[in-house]
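Chemist:
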Ligand code: NAD
Ligand code: TYD
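In the numbering used here, the protein residues as written are 9 to 369.
1) What would DSSP say about residue 80, mapped onto helix, strand or coil?
2) On the criterion of 16 or more Cβ atoms from any shown chain inside 10 Å, does residue 290 qualify as buried, or is it exposed?
3) Out of 62, 80, 61, 63, which has the shortest C-alpha to C-alpha gap to residue 70?
4) Distance, Cα to Cα, residue 209 vs residue 64?
5) Is it the case that the CB of residue 142 approaches a heavy atom of the ligand NAD more closely than 7 Å?
6) Let me check you understand the geometry: is the CB of residue 69 closer than 7 Å to at least one non-hydrogen atom of the ligand NAD?
7) Can the beta-carbon of residue 305 be found closer than 8 Å to that of residue 228?
8) Sort 362, 139, 113, 160 by Cα distance to residue 125 and report the nearest one.
9) Smallest Cα separation from residue 237: which of 225, 56, 200, 40?
10) With DSSP as the reference, label residue 374 as helix, strand or coil.
11) Select from 180, 244, 336, 127 the residue whose C-alpha is nearest the C-alpha of residue 32.
12) Using a Cβ-based criterion (distance less than 7 Å to any ligand heavy atom), does residue 265 qualify as near the ligand TYD?
13) Grouping DSSP H, G and I as helix and E and B as strand, with all else coil, what is residue 375?
14) State yes or no: is the C-beta of residue 52 within less than 8 Å of the C-beta of residue 349?
15) Which two residues bound the contiguous beta strand (DSSP E) that contains residue 267?
16) Grab me the residues of residue 235's own chain with a C-beta within less than 6 Å of its C-beta, minus the 5 sequence neighbours each way, in chain order.
17) Looking at the ligand TYD, does it come within less than 7 Å of residue 155, judged from the CB to the closest heavy atom?
18) Can you list, in chain order, the residues of its chain whose CB lies under 7 Å from that of residue 3, leaving out five sequence neighbours each side?
19) Measure the C-alpha to C-alpha separation of residue 330 and residue 260 and round it to an integer number of angstroms.
20) Report, in whole angstroms, the separation of the C-beta atoms of residue 73 and residue 30, which I expect to be a contact under 8 Å.
21) Residue 42: buried (16+ other C-beta within 10 angstroms of its C-beta) or exposed?
22) Can you have a look at residue 252 and say buried or exposed, based on whether 16 or more other CB atoms are within 10 angstroms of its CB?
23) If you check the beta carbons only, do residue 198 and residue 254 fall under 8 Å apart?
24) Given a cut-off of 8 Å, decide if residue 225 and residue 215 are closer than it, judged by their beta-carbon atoms.
25) Beta carbon of residue 277, beta carbon of residue 219: below 8 Å?
26) How should residue 102 be labelled, buried or exposed, when 16 other C-beta atoms within 10 angstroms of its C-beta is the threshold for buried?
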């Protein structure tokens, strides 16, 4: 049975990936999820799988060399899928150092541990072992409004935020391992994800949460920054397909061909929520475009991201399956049905975070 070591599996994309993999492979695989459980990690996301015999959770920091080496020593790991990271741009602007620590040093620790466990005395690697580094399109920098400009795998790196700089650094380390040691790896650079279990510091769940609480809907700058949104399950599928069908040492861009201005996203959420709420629901009365509040722009705010997923389509046959209209409705439904989840993740430190980030805007 093939054994996966998933890092950051209690976060948004990691937990969706674990669900996807058990749905697809059921008892044919074993998953070990290593997560230190920062504010963004939540074991509630994995309630459905926690009792499976082929699932193990280990609470550990990816920067903890001894703990990570021990996991490799005690388990014959076949695949690493490396999600664990600090992932929010706004937090990186306030506190960049933890991004360097987790995203750069943590990735270095993961690479070293996998290399140590998989390398043979002649410097080659054990058959079939593979490491997939999950990264972002933000490493490529920002596009202008020219609708024919896209990020390709060959686009030079030009990160702007401390978050994207730390992810770019981690990508470079993976590339260095591949070039220097022929370390068996791939990198995926994906556009913005949305879907269930996303922490409400990111645009879509934050807007849903605020809208249902009749709170202001903060839109940075002129609201015309563009992101290329992909339903999270499509990303999970792409990661699996790259690991199974991709050429080793290659980078694959993953994107939805679904560019939207932020203001369009916010208005779509209001429109759908208004359709979903009963007329008798007191929240409906307040839920209008009047809740939209233009606030101070993010420092160094990238204007536009857009992926050209030509390579992954041509080589591997991956294409996004969930159209935005359907995906955003599914997502809103999920948050409706999981109010307790939202309550739990927004209790405690979230209020302090929100106050700190938005009180001066
Ligand atoms: P997330 O913030 O929801 O989850 C990150 C997870 O990593 C959490 O469970 C957290 O507890 C864990 N973690 C953080 N530091 C750790 C450490 N030192 N040791 C062990 N675990 C640690 O992030 P996400 O949105 O699920 O993103 C996952 C990955 O995908 C990241 O590498 C991110 O850069 C990348 N990515 C995200 C998006 C997006 O739209 N969210 C798009 C493209 C790529
Ligand atoms: P975010 O979800 O933080 O993803 P990223 O910055 O990694 O792309 O933000 C998506 C877009 O939404 C980005 O252009 C910033 C904007 N935004 C707002 O306008 N208001 C908000 O409260 C947040 C969190 C983001």
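Ideal placement from N, C-alpha and C gives every residue a C-beta, glycine not left out.
Modeler: Reading it off the structure:
1) The residue given as residue 80 occupies position 72 in the chain shown. The three-state reading of DSSP puts residue 80 in helix, counting H, G and I together.
2) Here residue 290 corresponds to residue number 282 of the chain shown, with the count starting at 1. That one is exposed.
3) Counted from its first residue, the chain shown places residue 70 at position 62. Of all alpha-carbon atoms in 62, 80, 61, 63, the one lying nearest the alpha-carbon of residue 70 is that of 80.
4) Position 201 of the chain shown, counted from the start, is the residue given in the question as residue 209. Position 56 of the chain shown, counted from the start, is the residue given in the question as residue 64. Rounded to whole angstroms, the gap between the alpha carbons of residue 209 and residue 64 is 28 Å.
5) Walking along the chain shown from the start, residue 142 turns up at place 134. Yes, the ligand NAD has a heavy atom inside 7 Å of this Cβ.
6) As a working mapping, residue 69 is identified with position 61 in the chain shown. Answer for residue 69: yes, Cβ within range of the ligand NAD.
7) Here residue 305 refers to the residue found at position 297 of the chain shown. Here residue 228 refers to the residue found at position 220 of the chain shown. Contact flag set, yes.
8) Taking the first residue of the chain shown as position 1, residue 125 is located at position 117. Nearest C-alpha to residue 125: 139.
9) By 1-based counting over the chain shown, the position of residue 237 is 229. Taking each of 225, 56, 200, 40 in turn and checking the Cα distance to residue 237, the smallest one comes out for 200.
10) Past the edges of the chain, shown from 9 to 369, lies residue 374, and the structure says nothing about it.
11) The residue labelled residue 32 in the question sits at position 24 within the chain shown. Checking every option, the nearest Cα to that of residue 32 belongs to 244.
12) To locate residue 265, count along the chain shown from 1; it is residue 257. It does not: the Cβ of residue 265 is nowhere closer than 7 Å to a heavy atom of the ligand TYD.
13) Any question about residue 375 goes unanswered here, given that the chain covers just 9 to 369.
14) Translated into positions along the chain shown, residue 52 becomes position 44. Translated into positions along the chain shown, residue 349 becomes position 341. For residue 52 and residue 349, yes; Cβs fall inside 8 Å.
15) Taking the chain shown and counting its residues from 1, the one referred to as residue 267 is at position 259. Annotation for residue 267: the continuous beta strand (DSSP E) segment containing it runs 267–269.
16) Translated into positions along the chain shown, residue 235 becomes position 227. The answer, listed in chain order, is 200, 313.
17) Here residue 155 refers to the residue found at position 147 when the chain shown is read from its first residue. Distance from the C-beta of residue 155 to the nearest heavy atom of the ligand TYD is not below 7 Å.
18) No statement about residue 3 is possible, as the shown extent of the chain runs from 9 to 369 and does not include it.
19) Taking the chain shown and counting its residues from 1, the one referred to as residue 330 is at position 322. Taking the chain shown and counting its residues from 1, the one referred to as residue 260 is at position 252. In a straight line, the C-alpha of residue 330 is about 19 Å away from that of residue 260.
20) Within the chain shown, residue 73 is the residue found at index 65, counting from 1. Within the chain shown, residue 30 is the residue found at index 22, counting from 1. The beta-carbon distance between residue 73 and residue 30, rounded to whole angstroms, is 29 Å. This is too long to meet the 8 Å contact definition.
21) Here residue 42 refers to the residue found at position 34 when the chain shown is read from its first residue. So residue 42 counts as buried.
22) For this step, residue 252 is matched to residue 244 along the chain shown. Exposed, by the Cβ-count rule.
23) Within the chain shown, numbered from 1, the residue matching residue 198 stands at position 190. Within the chain shown, numbered from 1, the residue matching residue 254 stands at position 246. Not closer than 8 Å, so no.
24) Within the chain shown, residue 215 is the residue found at index 207, counting from 1. Within the chain shown, residue 225 is the residue found at index 217, counting from 1. Against a cut-off of 8 Å, the Cβ pair of residue 225 and residue 215 comes out as a contact.
25) In the chain shown, the residue the question calls residue 277 occupies position 269. In the chain shown, the residue the question calls residue 219 occupies position 211. Taking 8 Å as the Cβ cut-off, residue 277 and residue 219 qualify as a contacting pair.
26) Reading the chain shown from its first residue, position 94 is the one you call residue 102. So residue 102 ends up on the exposed side.
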